[in-house]
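Below you'll find the structure, written out as structure tokens, and then a few comments.
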């Protein structure tokens, strides 16, 4: 087969944070497929066909990309951040596993990107400097009791935690429940970083003690990082530095 499929991360927002590898793949593509806001970040040019779709059709999007690659197109599926972190790479491979045998013979590449978790952590200091975990707080694809179980176990293990998709208009109650649970089981004032729209003109970073956090501090453009019991805050003029020591 002459077609190929690339799954590329566009980083957290700033053009300067798109990797040269991803830029080269986009320059060679005949087709770009992805969620509408991410496809819009790719510049129009002659010979490029852009296929934008809604946020909750990941498998349909993946199948479409594989079908185009199978007939010889050079396809790039775009995600924000890193495509392997709560994004399209897993959806594409899910479609490959369930799809026709011919899809398994396609040339498929995953190009890493700077995910929101790492971009947010870098802005704040080094809150992920020791053991940490990432949890998607959306219950679209998994039940809330499973999210709650993972939160409890993460606190028990004393991980720093990075939360994707904390709060949306469709499910505003989830993040409130998560904060209430964390406040109850942590029982301390560990720092929580709210990093909104990192690397864009709308960027806002603030650090709040856990007991003072409210659900309204986050939306779907916000990455939330909760420190471990050992995470430290260094006060200074302007924004504080938040870091987790590398020991214990």
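Residue numbers (this note's numbering): 483 to 730. All C-beta atoms in this analysis are idealised placements derived from N, C-alpha and C, irrespective of residue type, glycine included.
{"Item": "Restricting to Cα atoms, I'd like to know which of 616, 513, 540 and 708 is closest to residue 576.", "Value": "540"}
{"Item": "Rounded to whole angstroms, what is the Cα-Cα separation between residue 488 and residue 589?", "Value": "8 Å"}
{"Item": "In chain order, what residues of the same chain lie with their CB nearer than 8 Å to the CB of residue 728, ignoring the 5 residues before and after it?", "Value": "611 and 612"}
{"Item": "Could you tell me how far apart the beta carbons of residue 571 and residue 494 are, in whole angstroms, since I believe they sit closer than 8 Å?", "Value": "Going by Cβ atoms, the distance from residue 571 to residue 494 rounds to 17 Å, so no, they are not a contact pair."}
{"Item": "As a quick exercise: from 658, 669 and 501, pick the residue whose alpha carbon is nearest that of residue 706.", "Value": "658"}
{"Item": "Going by beta-carbon coordinates alone, are residue 607 and residue 687 separated by less than 8 Å?", "Value": "no"}
{"Item": "Pick from 624, 717, 655 and 604: whose alpha carbon is nearest that of residue 697?", "Value": "655"}
{"Item": "Is the stretch 614-624 touching the stretch 715-722 in the sense that three or more CB pairs, one from each, lie closer than 8 Å?", "Value": "no"}
{"Item": "So the candidates are 562, 665, 568 and 604; which of them puts its Cα closest to the Cα of residue 519?", "Value": "562"}
{"Item": "Any idea what DSSP makes of residue 695, helix, strand or coil?", "Value": "coil"}
{"Item": "Along the alpha helix (DSSP H) that carries residue 631, what are the first and last residues, could you check?", "Value": "626-638"}
{"Item": "Entirely within the stretch 487-512 and at least 4 residues each: give me those alpha helix (DSSP H) ranges in chain order.", "Value": "502-510"}
{"Item": "State the DSSP-derived secondary structure class of residue 556, mapped to helix, strand or coil.", "Value": "strand"}
{"Item": "Pull up the CB-CB distance for residue 514 and residue 521, whole angstroms please, since I reckon it's below 8 Å.", "Value": "6 Å"}
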